[in-house]
Amino acid sequence: MRRPAVKATAVSSSAACGRERQRYYSYDWMLAVFLAALLAPVAVQAANCPAGYGVGYGPGGCDPCKPGFAKLSVGRSKCTPCAPHTIQPVSGRTRCIACASNRTNNDERTYCKLLPPGTPPRAKVEPTKAPPRVPTRKPTLSKQAAEKAAATGYGYTFPCQITQNGGRRCGIPVGYRGTGRTGAYYLPRGYQGKPLPVMILLHGSGVNGNWMINPFLHFADKYKFIIVAPDSRQNMYWNIPKRASDPWTQDFYHIEACFQYVKKQANVSFDKRFITVNGNSRAGYAAGSFASRANSVAATSAIVMHSNILARQFGWRVFPILWSTGAKDPLYGPSVTNTNRAYFHHVRPEYKITSRTWDSSHSLNSRKEIDNICLWFVSPSTRLYPAPPLGSY
Numbered sequence: 005m006r007r008p009a010v011k012a013t014a015v016s017s018s019a020a021c022g023r024e025r026q027r028y029y030s031y032d033w034m035l036a037v038f039l040a041a042l043l044a045p046v047a048v049q050a051a052n053c054p055a056g057y058g059v060g061y062g063p064g065g066c067d068p069c070k071p072g073f074a075k076l077s078v079g080r081s082k083c084t085p086c087a088p089h090t091i092q093p094v095s096g097r098t099r100c101i102a103c104a105s106n107r108t109n110n111d112e113r114t115y116c117k118l119l120p121p122g123t124p125p126r127a128k129v130e131p132t133k134a135p136p137r138v139p140t141r142k143p144t145l146s147k148q149a150a151e152k153a154a155a156t157g158y159g160y161t162f163p164c165q166i167t168q169n170g171g172r173r174c175g176i177p178v179g180y181r182g183t184g185r186t187g188a189y190y191l192p193r194g195y196q197g198k199p200l201p202v203m204i205l206l207h208g209s210g211v212n213g214n215w216m217i218n219p220f221l222h223f224a225d226k227y228k229f230i231i232v233a234p235d236s237r238q239n240m241y242w243n244i245p246k247r248a249s250d251p252w253t254q255d256f257y258h259i260e261a262c263f264q265y266v267k268k269q270a271n272v273s274f275d276k277r278f279i280t281v282n283g284n285s286r287a288g289y290a291a292g293s294f295a296s297r298a299n300s301v302a303a304t305s306a307i308v309m310h311s312n313i314l315a316r317q318f319g320w321r322v323f324p325i326l327w328s329t330g331a332k333d334p335l336y337g338p339s340v341t342n343t344n345r346a347y348f349h350h351v352r353p354e355y356k357i358t359s360r361t362w363d364s365s366h367s368l369n370s371r372k373e374i375d376n377i378c379l380w381f382v383s384p385s386t387r388l389y390p391a392p393p394l395g396s397y
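End of the sequence shown = 397 in my numbering, gap-free, step of one.
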């Protein structure tokens, strides 16, 4: 009579051990699924990747095209492989290179190899031509200037135009060392013979300097300041030195050349107390780096709109910084900018940072935000750090 009782106890103990083991493995499986989901790369929705960049997991949801691939147009599309008998050995390119008539591409489309012996020369491959680029938004210029913009695309120049408010809106016809980059500038009404503040506007991806003037045009007349708006390379993004010790890029020399070009115009005078560099989107990185390293510009402040800055890219100049973003910004929202700003203040505590968040998205569609930015720029309270005297200025 006792033996069945012992057997039942053994079976009960084994079943309990099995249930415990099953529970352990279920927890282990749940932990594995959680770690896999946490460590898996998350694709960021790209907003018009530049030419040479396709949809991916990089900054802004864009990755450079790998070798053997290219992308001509701007938009949310993937990089396409090079056509037969064409190659591309470098990443981030817009078009592929045709091989000679006695050569063809390898399997990875990264170099040209000789055709097998006895193979007749093939027909010459014509290089792919990029589609014509036209501005996505029409500039507020005359009909002749708008027609020229549509015909030549970005980077065009135009003669001076008198706006409805009586200001002068002009193109900058020459850039740095013949790189083909141009720009634009705006002089408010009554600028003659008066030292006025200067705002250097750096545009984001997909637009040019002349378009960047549009949101600030009304407030330049309201607060009486000059706008200098250079164009970046291909009007996409700015080439920024990775560290403060790295040499200047052509983009930085071009910004300085546009500043000096406007300064030499007749009856134009700059107020040394109010010179700022304002960058929107990815140009915010360039704004802080250029303002802290450009001795000939002698910036007294910097403005970062819907972007971040890196402490390692800053030079020796110290000035106030206005950090403005939108609560609905999908790329540089408050959670992203607050983390970056805290780290920047920890590394470079000598900079005074003013942070403001607005009910706006990534685009410059909030007049209240732009009005507040311009008012902060011309306010005497921003001159906390007087610019040191420079003999070359």
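We put the CB at the ideal spot given by N, CA and C, even for glycine.
Treat the numbers as computed from the prediction; the structure is a model and nothing was measured.
Asked: Cβ-based burial, E373 [other Cβ within 10 Å; buried from 16]; Found: buried
Asked: Environment of K75 [buried if 16+ CB atoms lie within 10 Å]; Found: buried
Asked: Cut-off 6 Å between Cβ atoms - residues of its own chain near R173, not counting five sequence neighbours on either side; Found: Q165, T167 and Y190
Asked: T329, buried or exposed, once every other Cβ within 10 Å from all chains shown has been counted against 16; Found: buried
Asked: Distance between T253 and A55 (C-alpha atoms, nearest Å); Found: 20 Å
Asked: D363 to R193 span [Cα, whole Å]; Found: 31 Å
Asked: Rounded separation between R99 and Q92 - CA only; Found: 8 Å
Asked: Of the listed residues A315, G210, V382 and R352, nearest to T280 (C-alpha basis); Found: V382
Asked: Assigned exposure category for Q317 - 16 Cβ within 10 Å defines buried; Found: buried
Asked: Length of the line joining the Cα atoms of Y355 and G283; Found: 17 Å
Asked: Alpha-carbon to alpha-carbon, I176 and N299; Found: 22 Å
Asked: beta-carbon A302 near the ligand FAD non-hydrogen atom, thresh 7 Å; Found: In the structure on display, the ligand FAD does not appear, and there are no ligands present to speak of.
Asked: Run of the beta strand (DSSP E) containing S282, from where it starts to where it stops; Found: Before going on, a small fix: residue 282 reads as Asn here, not Ser. That run of the beta strand (DSSP E) goes S273 to N284.
Asked: Local Cβ density within 10 Å of P320, reported as buried at 16 or more and exposed below that; Found: Position check: residue 320 holds Trp in this sequence, whereas Pro was assumed. By the neighbour-count rule (16 or more Cβ atoms within 10 Å), W320 is not buried but exposed.
Asked: Pick from D375, S296, L335 and P199 that is closest to F323, judged by C-alpha positions; Found: S296
Asked: Pick from H89, F73, S95 and R113 that is closest to N106, judged by C-alpha positions; Found: H89
Asked: Validate contact between the region 228-235 and the region 299-316 using beta carbons, cut 8 Å, 3 pairs; Found: no
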